[in-house]
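The end of the sequence shown is residue 206 by full-length UniProt numbering, with every number in the run present. Each remark here refers to the structure printed beneath this line.
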Amino acid sequence: MQNHADKQEQVLSQITERNIEGRDFSGCDLSGIDLRGIDLSKINFRGADLRSANFSGAILTGANLREANLQQVNFCDADLSQADLTQANLCGACLWRVQLSGSKLWGASLCNADLREANLSAAQLIEASLVEANLVRANLTNAKLCGSVLVEANFNQANLTGADLKWANLMAANFSEANLENANFKNAKLYETIMPDGTIRVDIRR
1 MQNHADKQEQ VLSQITERNI EGRDFSGCDL SGIDLRGIDL SKINFRGADL
51 RSANFSGAIL TGANLREANL QQVNFCDADL SQADLTQANL CGACLWRVQL
101 SGSKLWGASL CNADLREANL SAAQLIEASL VEANLVRANL TNAKLCGSVL
151 VEANFNQANL TGADLKWANL MAANFSEANL ENANFKNAKL YETIMPDGTI
201 RVDIRR
């Protein structure tokens, strides 16, 4: 039986070949693999185990990462624009300055994820979990966060212009100095939520 190290070496050899677009690594155990700075556009990692992998600076535009285990993964400065991360597990992942514009994150888990300065413009985070996520100075313009769990998430200085937060749970979330112009908070739970002007909303729905 092929061991973990040999499997990763085989994957790396395939990835470094030309014309890797659309290659299928779905369901593979690639935990801890180092893919820094590599162009992985439209690659298929659906359901793969990529825990603690290093994708810093990598290009994953249009990649399929549905249901992948991405806990503690390093995506710092990576480009995941238009990627599919539906129901992916990104808990504790480093997504600092990552490009996630137009990406699909329906039902994804991003608890304790570092999303500082991330570009999530027009991203679909419907029913996603971002409990205690760090979104300081993140760009969430026109992002879809309907029904998401954002308990204790930090949106300090973030841009949420036109964001859709209907039915979201915003208990103890921090929006200090954030831009909420035209954001939709209909039926959102705002309990002990810190607003841009520093005031605290207590159990208000609208």
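Glycine residues also receive a C-beta, built at the ideal position from the N, C-alpha and C atoms.
Backbone CA spacing between residue i and residue j [nearest angstrom]
i           : j      : result
Ala83       : Ile59  : 10 Å
Leu90       : Leu50  : 10 Å
Ser103      : Gln10  : 29 Å
Asn187      : Leu165 : 9 Å
Gly162      : Leu150 : 17 Å
Ser41       : Asp79  : 9 Å
Leu135      : Asn44  : 27 Å
Arg46       : Thr86  : 10 Å
Arg206      : Asn184 : With a pLDDT of only 45 at Arg206, under 50, the local geometry of the prediction cannot be trusted, and the value read off the model is given with reservation. One C-alpha to the other measures close to 9 Å.
Leu95       : Val131 : 15 Å
Cys146      : Ser56  : 29 Å
Ala128      : Glu177 : 23 Å
residue 209 : Glu152 : For the chain, the structure presents residues 1 to 206; residue 209 sits outside this window and is missing.
Gly37       : Thr61  : 13 Å
Lys189      : Ala5   : 47 Å
Leu115      : Gly32  : 21 Å
Asn159      : Asn179 : 5 Å
Asp24       : Leu70  : 17 Å
Cys28       : Ser52  : 14 Å
Asp39       : Val202 : 47 Å
Ser26       : Tyr191 : 41 Å
Leu30       : Ser101 : 25 Å
Phe75       : Gln157 : 22 Å
Beta-carbon gap between residue i and residue j smaller than 8 Å
i      : j      : result
Ala88  : Glu117 : no
Lys144 : Leu125 : yes
Asn54  : Leu35  : yes
Reference residue i; option with closest CA among the options
i      : options                          : result
Thr141 : Ala122, Asn156 and Ile126        : Ala122
Met195 : Phe175, Glu152, Phe55 and Arg97  : Phe175
Ala93  : Asp79, Ser109 and Ser81          : Ser109
Arg137 : Arg97, Glu127 and Met171         : Arg97
Ala173 : Leu95, Leu70 and Ser148          : Ser148
Asn139 : Ser129, Arg23 and Gln99          : Gln99
Ala133 : Ser31, Ser13 and Asn112          : Asn112
Asp77  : Glu152, Ala153, Ser26 and Asn119 : Asn119
Phe155 : Thr193, Asn182 and Lys189        : Thr193
Residue burial classification, residue i (beta-carbon count within 10 angstroms, cutoff 16)
i      : result
Gly198 : exposed
Ala168 : buried
Ile200 : exposed
Ser81  : buried
Asn182 : exposed
Arg48  : Here the sequence assigns Ala to residue 48, which means Arg is not the residue at that position. Buried, because 16 or more other Cβ atoms sit within 10 Å of the Cβ of Ala48.
Val73  : buried
Leu105 : buried
Gln8   : buried
Give the list of continuous alpha helix (DSSP H) stretches no shorter than 4 residues that lie fully inside the region 78 to 143. none
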